[in-house]
Amino acid sequence: MGRICKTVARNYPALPPLKGVMIVCGFGETLKMAVDHQFEQIVTSIDRHGSFFQRKFVKPLLSLCGLDSSAFLTNFVLDEKNKDKDVTTFWFRPFPLRWFREHYQLDLVEEGKEIRCPALVIGGGKDFQLDAKYCTREMTDALLVNSPRVEIAVIPKMTHILRDTDAGDVSIWEAQEQYKVQGREPLSQELMEVMKRFVLHP
């Protein structure tokens, strides 16, 4: 987000200054931190919700292949032989290598310094992909040092795709299935209210 603010200011000087930014589902985490969290979720989901086959065969196979942690993905993204590639094939599917590489190299402190306008930081209490625990005053004070006003909102029922759910503790695979249904539903009403208040703040 900081890089976007800096780029807009540099390339479009005729535009008025940004009045505010909204950082939704992902504040305080690098992509690597998010990927680490998601791999932990996968392993935990197998332990808690997995079938007998998944626990006895899939999990050991993942461990044997080095796929039970994000280390293999990090090594793949940052491999010297991939440094000039934008896209490659990973597990027989196109993989946005440049996007991952650039995000892995982001410096959150430096990014945060470029945000010089009011900021709204939003997290979802039911977001299984990114951890809302980073949406704290301590974290915003450390990263958004040049923002004149920072508001924080953690919406208890909101998922990663900005919809509400009443579902309890579900596996990461079940969450992915829920997204297919939730994608047809309206955005979280509480999210809309929080954003509206931020925009209309004098």
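If you're matching positions, the sequence shown starts at 16 in my numbering and goes up one per residue. From the three backbone atoms N, C-alpha and C, an ideal C-beta is built for every residue, glycine too.
- Restricting attention to LYS195, ASP181, TRP114 and PHE143, the CA atom closest to the CA of CYS40 is found in PHE143.
- Assignment of beta-bridge partners to GLY138 by DSSP yields VAL169.
- 9 Å or more divides the Cβ of LEU215 from the Cβ of MET173.
- The region 122 to 132 and the region 101 to 112 do not touch, with fewer than 3 CB-CB distances between them shorter than 8 Å.
- A Cβ-Cβ separation of about 7 Å places LEU30 in contact with VAL23 under the 8 Å criterion.
- PHE72: not part of any beta strand (DSSP E); DSSP gives it neither H nor E.
- Measuring C-alpha to C-alpha distances from PRO163 to each of LYS128, GLY43 and LEU145 identifies LYS128 as the nearest.
- Counting only the Cα atoms, GLN197 lies some 8 Å from ASP179.
- With a cutoff of 9 Å on beta-carbon distance, LEU93 and THR45 are scored as not near each other.
- If the five residues before and after TYR194 are omitted, its C-beta is found closer than 6 Å to the C-beta atoms of ILE176, all from its own chain and listed in chain order.
- Buried is the label assigned to ILE137, since at least 16 other Cβ atoms lie within 10 Å of its Cβ.
- Apart from the 5 residues on each side of it in sequence, MET154 sits with its Cβ closer than 6 Å to the Cβ of GLY43 in its chain, given in chain order.
- Note on ASP146: 16 or more other CB atoms within 10 angstroms of its CB, so buried under the neighbour-count rule.
- Relative to PHE213, the option among ASN161, ILE167, LYS141 and ASP184 whose CA is nearest is ILE167.
- Residue ranges of uninterrupted beta strand (DSSP E) with 3 or more members, entirely inside the region 36 to 73 and ordered along the chain, are 36 to 39.
- ILE38 is the residue among ILE19, ILE38 and LEU112 whose C-alpha sits nearest the C-alpha of VAL169.
- In this structure TYR119 does not touch LYS74 by the C-beta definition: roughly 26 Å separates them, more than the 8 Å allowed.
- Counting only unbroken stretches of 4 or more residues, the alpha helix (DSSP H) elements lying wholly within the region 92 to 130 are 112 to 119 and 123 to 128, in sequence order.
- Beta-bridge analysis with DSSP links ASP179 to MET173.
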